[in-house]
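Under UniProt numbering, residue 587 is the last one in the sequence shown; the count climbs by one each step, no gaps.
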Amino acid sequence: MTTSRLKTLPFNWRLVIYRPWLFLLYGLCVFIVSIVQIVPGWIQKIIFDQVSNKAPATLNIWSLIALYIAVGLGGLLTSYGQIWSEITFRSTAGMLLRFNLFTSLLRRPGASSLPVSAGEIVSRFRDDVSETSDFPLWIPCAFAETATAVTAIVIMMRINLLITLVIFLPLLFSLLIARLVWSRVHLYTKNSREAAGQVAGFLGELFGAVQAIKVANAERPMVDHLQALNARRRKTSLKGFLFGQLVGTVNDTATTFGVGIMLLLSAQAMTDKTFTVGDFALFVSYLWFTTQLPAFWGFLLGDYKQQEVSINRMVEMIPDEPAQVLVRHVPVSVGPTNATFQRITLETLSLKDLTYQYPGTRTGIQQITMEIKRGSFTVITGRIGSGKTTLIRTLLGLLPRDSGEILWNGAEIDDPARFFIPPHCAYTPQIPRLFSDTLQNNILLGLPEGPVKLSEALQAAVLEEDIAQMPLGLATTIGPRGIRLSGGQAQRTAAARMFVRDPDLLVFDDLSSALDVETEHKLWERLFTHQNTTCLVVTHRRAALQHADQIILLKDGQISAVGTLDSLLESSEDMRELWHSQIQPSL
Numbered sequence: 001m002t003t004s005r006l007k008t009l010p011f012n013w014r015l016v017i018y019r020p021w022l023f024l025l026y027g028l029c030v031f032i033v034s035i036v037q038i039v040p041g042w043i044q045k046i047i048f049d050q051v052s053n054k055a056p057a058t059l060n061i062w063s064l065i066a067l068y069i070a071v072g073l074g075g076l077l078t079s080y081g082q083i084w085s086e087i088t089f090r091s092t093a094g095m096l097l098r099f100n101l102f103t104s105l106l107r108r109p110g111a112s113s114l115p116v117s118a119g120e121i122v123s124r125f126r127d128d129v130s131e132t133s134d135f136p137l138w139i140p141c142a143f144a145e146t147a148t149a150v151t152a153i154v155i156m157m158r159i160n161l162l163i164t165l166v167i168f169l170p171l172l173f174s175l176l177i178a179r180l181v182w183s184r185v186h187l188y189t190k191n192s193r194e195a196a197g198q199v200a201g202f203l204g205e206l207f208g209a210v211q212a213i214k215v216a217n218a219e220r221p222m223v224d225h226l227q228a229l230n231a232r233r234r235k236t237s238l239k240g241f242l243f244g245q246l247v248g249t250v251n252d253t254a255t256t257f258g259v260g261i262m263l264l265l266s267a268q269a270m271t272d273k274t275f276t277v278g279d280f281a282l283f284v285s286y287l288w289f290t291t292q293l294p295a296f297w298g299f300l301l302g303d304y305k306q307q308e309v310s311i312n313r314m315v316e317m318i319p320d321e322p323a324q325v326l327v328r329h330v331p332v333s334v335g336p337t338n339a340t341f342q343r344i345t346l347e348t349l350s351l352k353d354l355t356y357q358y359p360g361t362r363t364g365i366q367q368i369t370m371e372i373k374r375g376s377f378t379v380i381t382g383r384i385g386s387g388k389t390t391l392i393r394t395l396l397g398l399l400p401r402d403s404g405e406i407l408w409n410g411a412e413i414d415d416p417a418r419f420f421i422p423p424h425c426a427y428t429p430q431i432p433r434l435f436s437d438t439l440q441n442n443i444l445l446g447l448p449e450g451p452v453k454l455s456e457a458l459q460a461a462v463l464e465e466d467i468a469q470m471p472l473g474l475a476t477t478i479g480p481r482g483i484r485l486s487g488g489q490a491q492r493t494a495a496a497r498m499f500v501r502d503p504d505l506l507v508f509d510d511l512s513s514a515l516d517v518e519t520e521h522k523l524w525e526r527l528f529t530h531q532n533t534t535c536l537v538v539t540h541r542r543a544a545l546q547h548a549d550q551i552i553l554l555k556d557g558q559i560s561a562v563g564t565l566d567s568l569l570e571s572s573e574d575m576r577e578l579w580h581s582q583i584q585p586s587l
């Protein structure tokens, strides 16, 4: 469990230098768009002073109008570059953060629980990534707006110091107020994000347990709990919104007060002929962007505190890795990528003293040593709780081994989770993971349809008759988690997903548990016709035991016996009890 934290400024610096030229282009465009705001007010002052005969005509009116239009067009054209670089940088930074988060989650052992709920993860991928990928763009805005406002204020002070001070002193007070309420902004943001995450997490769990809720007749309690979560979310969001509006009102009131006093003082100064109409036009032109500077900084400082909340929420999703992984620079492509792996054809798979114990317990597997040869059919069997699934998960890297070796053709596999994937291995767990998509897409999972032998995989999985009875065939949408399929259809869909990838090693964890005897007979029969197929099967069904080249009998997380069915029935009392507990007919 990592205890490292990622501070806001280093986090943003890593995002900036990921695409530095894009960030510099944006900063340049922002500075140009901001600084040209000074020019129109200056031109207006000259025009009004010339019209009122308060200044000599250095440029004629039409030249000033042409300059005014040229400055406006220049700012407009520059804004296109600003918008393009802004959107591109924000999207790229967001992709980097989501890529690093997603790959970090995928690096976790597959059988380990997620650090937060799936719905909460979706909320953080959306809201927190969007919040943090946008903030670096405010930094050049802050410098540009400050430089422009300071320049304008200096010009105004050179014209009339008293009026300028009257305008901006109240605004400094509002900025001080914003600084004092930082901690409150941080608290409201944190509470609001947590409430939103709880709603998203509960919705994810709700839709994933529809059948259980209906069986338990718990629809009304679930709806009531959802309403309670939404009520809390509404309350926390409303508090944050009202507090933000209150702070904004303080700034608006200070601005309005300053402008009102300016009007009174400027009228008096114009009466005394120390303040011209051109000066007044310049002040009015500069007021709309200079008076917003304290509000801008107040918003920026509040957003800075929100960054801390969002960064911490993202770091919480990668508890097993350093926080810096979040902003690690890696190539990110906006298009699809086809990963390629060098296939090492299986000859032998060996385990030596493989051990794993669940944290805080003494349960697991201990010193498992076994060997699987190419083309063999190996069955792992044993009583409930003997460690069968734990052994499979540890072998495949879904659980982190405590000790022991995994050898593929005599070469040790350091990272089994990355190695035991197609084309080396394919795995079907006890409860297959299906998605709310078509049956075909659930089988292919992104594989191009052309090169794969889909029809052969469907035939091997005994799915052809089921598909023929579906109105849309392979285009049938199977619903969330395959809810529209029976248990046996879901198992065979997962099996077809394995077969279509043509791996060297097929790993089944109790595949036939949801199948009737006839369907199970067909599935094993078709599988056995492929002589080069290497299978590792967790089961206690007679059909599989009878065809096993070797049977691994587990007891209390250790290998109790190894051999063929006949030898184990003769030598092992546990094997005889397991065999006689199966009442279905053998093949």
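Every residue, glycine too, gets a C-beta built ideally from N, C-alpha and C.
Ranking Glu-520, Phe-377 and Thr-438 by CA distance to the CA of Ala-460 puts Glu-520 first. Listed in chain order, the non-local C-beta contacts of Leu-569 below 8 Å within the same chain comprise Met-575, Arg-576 and Trp-579, local neighbours out to five positions each way being set aside. Counting along the chain, the unbroken alpha helix (DSSP H) around Ala-460 starts and ends at 454 to 460.
In this structure, the CA atom of Leu-396 is about 6 Å from the CA atom of Ala-417. Counting C-beta atoms within 10 angstroms of its own C-beta, Ser-266 has 16 or more neighbours from the protein chains shown and is therefore classed as buried. For Glu-316, the secondary structure class from DSSP, reduced to helix, strand or coil, is coil. Fully enclosed alpha helix (DSSP H) runs of no fewer than 4 residues occupy 210 to 215 of the region 191 to 256, in order along the chain. Between Asp-127 and the set Ile-318, Val-309, Ala-149 and Leu-439, the nearest pair of CA atoms involves Val-309.
Taking one beta carbon from each stretch, the region 405 to 414 and the region 352 to 370 have 3 or more pairs nearer than 8 Å; the two touch. Thr-378 is bridged by DSSP to Leu-536 and Gln-550. Taking the CA atoms as reference points, Leu-293 sits about 31 Å from Lys-235. Annotation: Gln-227 to Val-199 spans about 9 Å, alpha carbon to alpha carbon. In this structure, Gly-382 keeps its C-beta atom at 9 Å or more from the C-beta atom of Lys-522.
Residue Thr-148 holds the alpha-carbon nearest to the alpha-carbon of Thr-290 among Ile-87, Thr-148 and Arg-14.
Contact between Arg-90 and Asp-134 holds, with the beta-carbon distance rounding to 6 Å and staying under 8 Å.
For Phe-275, the secondary structure class from DSSP, reduced to helix, strand or coil, is coil.
For Met-498, the enclosing alpha helix (DSSP H) stretches over residues 487 to 499. The residues Leu-396 and Gly-397, in chain order, have a CB closer than 7 Å to that of Phe-420 in the same chain once the five nearest residues on each side in sequence are set aside. Spatial neighbours of Arg-401 in its own chain (CB-CB distance under 7 Å, excluding positions within 5 residues in sequence) are listed in chain order as Leu-354, Thr-355, Tyr-356 and Thr-394. Contact check for Asp-504 against His-424 passes: the beta carbons are separated by less than 9 Å. Put simply, the region 257 to 277 does not touch the region 201 to 210. Fewer than three CB pairs are less than 8 Å apart. Under the three-state reduction of DSSP output, Phe-341 falls in the coil class, being neither helix nor strand. Phe-435 is not a Cβ neighbour of His-547, given a cutoff of 9 Å. If you draw a straight line from the Cα of Pro-322 to the Cα of Arg-374, it comes to about 40 Å.
In the DSSP assignment, Asp-509 forms a beta bridge with Val-538. Scanning its chain for C-beta atoms nearer than 6 Å, with the 5 sequence neighbours on each side dropped, one finds around Thr-390 the residues Gly-364 and Ile-365, in chain order. Secondary structure of Met-470 (DSSP, three-state): coil. With respect to the 9 Å criterion, Val-537 and Ile-380 are classified as neighbours on the basis of their beta carbons. In chain order, Ala-281 and Ser-285 place their CB closer than 6 Å to the CB of Gln-44, counting only its own chain and leaving out the 5 sequence neighbours on each side.
C-alpha of His-225 to C-alpha of Val-154: approximately 58 Å in a straight line. One thing to note: Thr-564 has its Cβ within 9 Å of the Cβ of Gln-550. Separation of Asp-516 and Gly-488 (C-alpha to C-alpha, rounded to the nearest whole angstrom) is 8 Å.
Only residues of its own chain outside the window of five on either side were considered, and among them Gln-306 and Val-309 have a CB closer than 6 Å to the CB of Thr-189, listed in chain order. The beta carbon of Leu-439 is closer than 6 Å to those of Leu-474, Thr-476 and Ile-478 in its chain, skipping five residues each way along the sequence. Secondary structure within the region 124 to 165: the alpha helix (DSSP H) runs of 4 or more consecutive residues, fully enclosed, are 129 to 134 and 138 to 159 (chain order). Counting along the chain, no beta strand (DSSP E) covers Leu-395; the unbroken alpha helix (DSSP H) around it starts and ends at 388 to 396.
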